[in-house]
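Trainee:
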Amino acid sequence: MRFKGKIIAGLLVTILGGVLYAAGQEQAKGPETTSVSTTGSDSTVGSKPSHSQALQGAADRRVEGEKRFHANCGRCHMAPHKFPPRMMATIERHMRVRAMITAEDMQLILGYMTE
Amino acid sequence: MVGRDSVSTVLNVIRGRLSAAASVCLSLFPSLPLRNALLAALLISLSAPYLLAQQEDDTPKAIPIIIGGAGFITTFDGGQPHLGPLIAPVVLVPLGDRWLIESRATFESDLSQPPGSSSFHGKVLKEVDYLQLDFIANPYLTVTVGRFLTPFGIFNERLYPIWIRNLQTDPLILPIGIGPSNASTGAMVRGGFKATSTFDINYALYFSTLSTVSPLDSSRFAGGRVGIFIPESRIEIGGSFQHLLQDDRSNSFGFHGAWQPSAVPLDLRGEYQRSSEGSGYWIESAYRLSQAPFWQNAMRRTQLVARLQQFYIGKIPSDSLPPADTRQFEFGVNYYFRDGLRAVSSYGREFSQLENKNIWTIGLTYRFAIPLGHGDEN
């Protein structure tokens, strides 16, 4: 019983910590700014980029998405071909839970797989 | 009118399933303080979405799908032939932006020749491997309730499906730490997040209650798994721990590792596990011959696999583990016809204190994906 209590307390601390940390991260990031790491350092794409910046950002995201697709999906199985976008969204959610892939990686992989 | 009825029916089904999930959750925790603690945790998790940004509008809306694997594997185990047809569909039903119902059922048979008979006989075995409700509370935390694959080591949860595994025989240590039917019944929190710019951390903490309803049986235990993944070098290492809350109340632990170097098409994986029922390890390498300078069309589809494993019996005997110290070496060749369809074959030699034997496998595996809606529209 004592051990079970400790486990529940541990779960609670984990959940609370995760929620608070995530909320803090989201507030610090701001609602309309996304950041994509391309070459090891973070490059921030603003909320109103110019046309050329937007194209460059999309190209960077595609390259990074492909890279993370092979790194993450290849951990367990051969990288599959692309599925239709709405199927891919479901598979992405399933794999996020199953393989515990980070939210940032999943966004980039989903973008690459549905473009 | 028909559309409105359909929506009403779906909403009623969803409402019923959520209510059933809550009832199961409460029944798992009969103690009032524990129940309150769990409810508080769930309440915090449920409120999390309102603190966080909503999903981007251009993200495709998820639809229910069926994915899974099917195959037909013929095994010669010590000279005795076994025919093994199998199909394991996974049903995925997304609800809103953050919920997911997922379930896998397995239908399989082990057809063998009874003494004196030239024909093969066997029964179809049916099992619900998992049926779980996931709630993605935030980028760092997912809450799961229901029946889920026990996250002890990496094979049971990630490498088990027939279309994923490189060799069709199970590792000898697979039964360690995963419960009597490879699954747990209870609750779990898990997630993965970027700890620094160089590595990610993933974790899972779970509690399983005792269930004696076969084939949905599970043991009463609690445990966790944590791993570190370095994307740049594609290295993953981690460890698992579990405390049994029944019988001998023993501890189990294990370590796992995987490496896929970028320079060569090589997969290296391995696990070590230890419990009161036994201990052992397996290490596997798989090499795709895509860099061979000849017959490139065939070579890039060919994969060579080798696995070495050992098992040592523990203090407590187990029906699902080998009855004696065992060593096994296996070598396999897989050929990928196209994405999801492949031919598999392997030869293995097992050395045990009871007997030495050869194990041959040959077969086909297939991965399928079926949308239950229009997959192309946003």
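Note that the protein sequences, when read in sequence, are chains Z and U.
Just remember that my numbering sits 11 ahead of the position in the first sequence, which is counted from 1.
So in my numbering, spot 91 of the second sequence is number 79, and the numbers just go up one at a time.
A virtual CB, placed ideally from N, CA and C, is assigned to each residue, including glycine.
Quick check: the stretch 311 to 321 of chain U against the stretch 331 to 338 of chain U, are there 3 or more CB pairs under 8 Å?
Mentor: In short, these stretches touch, since the Cβ pair count reaches three.
Trainee: Would you please verify whether the beta carbon of Z/D53 is less than 9 Å from any beta carbon of chain U?
Mentor: The predicted model places Z/D53 with a pLDDT of 39, which falls under 50 and marks its position as unreliable; any figure quoted below should be read in that light. So, interface residue.
Trainee: Using DSSP's beta-bridge definition, name the partner residues of U/P359.
Mentor: U/I53.
Trainee: Per DSSP, which residues does U/T173 bridge with? Please list them.
Mentor: DSSP, once it has assigned bridges, lists U/R135 as partnering U/T173.
Trainee: Provide the residue(s) that pair with U/K345 in DSSP beta bridges, ordered along the chain.
Mentor: U/E338.
Trainee: In terms of residues, what are the limits of the beta strand (DSSP E) holding U/E259?
Mentor: Looking at the DSSP string, the run of the beta strand (DSSP E) that includes U/E259 is 254 to 263.
Trainee: Could you tell me the distance, in whole angstroms, from the CA atom of Z/Q38 to the CA atom of U/A125?
Mentor: Bear in mind that a pLDDT of 47 at Z/Q38, under 50, signals an unreliable position, so the number given afterwards is only what the model happens to contain. Using only the alpha carbons, I get a separation of about 16 Å.
Trainee: Between U/A183, U/V201, U/L233, which has its C-alpha nearest U/I216's C-alpha?
Mentor: Nearest C-alpha to U/I216: U/A183.
Trainee: Would you please verify whether the beta carbon of U/F241 is less than 9 Å from any beta carbon of chain Z?
Mentor: Taking Cβ atoms only, chain Z never reaches closer than 9 Å to U/F241, which makes this a no.
Trainee: Where in the stretch 112 to 165 of chain U do unbroken runs of the beta strand (DSSP E), each at least 3 residues long, occur, reported from the N-terminal end onward?
Mentor: As far as the stretch 112 to 165 of chain U is concerned, its whole beta strand (DSSP E) runs of at least 3 residues are 112 to 126, 129 to 137.
Trainee: Contact check, U/R146 vs Z/R79 under 8 Å by CB: the rounded distance?
Mentor: About 17 Å; that fails the 8 Å criterion.
Trainee: Which value, in whole angstroms, describes the spacing of the CA atoms of U/I55 and U/E90?
Mentor: Rounded to whole angstroms, U/I55 to U/E90 spans 11 Å at the Cα level.
Trainee: Anyone know if the C-beta pair for U/F209 and U/G226 falls short of 9 Å?
Mentor: Not a contact, by the Cβ cut-off of 9 Å.
Trainee: Considering only the alpha carbon of each residue, which of U/A76, U/I51, U/F108, U/L80 lies closest to U/T370?
Mentor: Nothing about residue 370 of chain U can be reported from this structure: the residues present for chain U run from -11 to 366 only.
Trainee: Could you please give the first and the last residue of the uninterrupted beta strand (DSSP E) stretch that includes U/V79?
Mentor: Taken as a continuous stretch (DSSP letters only), the beta strand (DSSP E) holding U/V79 covers 68 to 83.
Trainee: Could you pull out every residue in the same chain whose Cβ sits closer than 8 Å to the Cβ of U/F60, ignoring the five residues on either side in sequence?
Mentor: Same-chain partners within the cutoff: L71, G72, P73, L74, G351, L352.
Trainee: So which residues on chain Z does U/P249 lean against when the C-beta distance must stay under 8 Å?
Mentor: Those within 8 Å of U/P249 in chain Z number zero; the least Cβ separation is about 11 Å.
Trainee: Are U/R237 and Z/M111 closer than 9 Å when you measure CB to CB?
Mentor: No, they are not a contact pair.
Trainee: Leaving out five residues before and five after U/Y260 in sequence, what residues of the same chain have Cβ atoms less than 7 Å from its Cβ?
Mentor: The residues are G242, F243, Y269.
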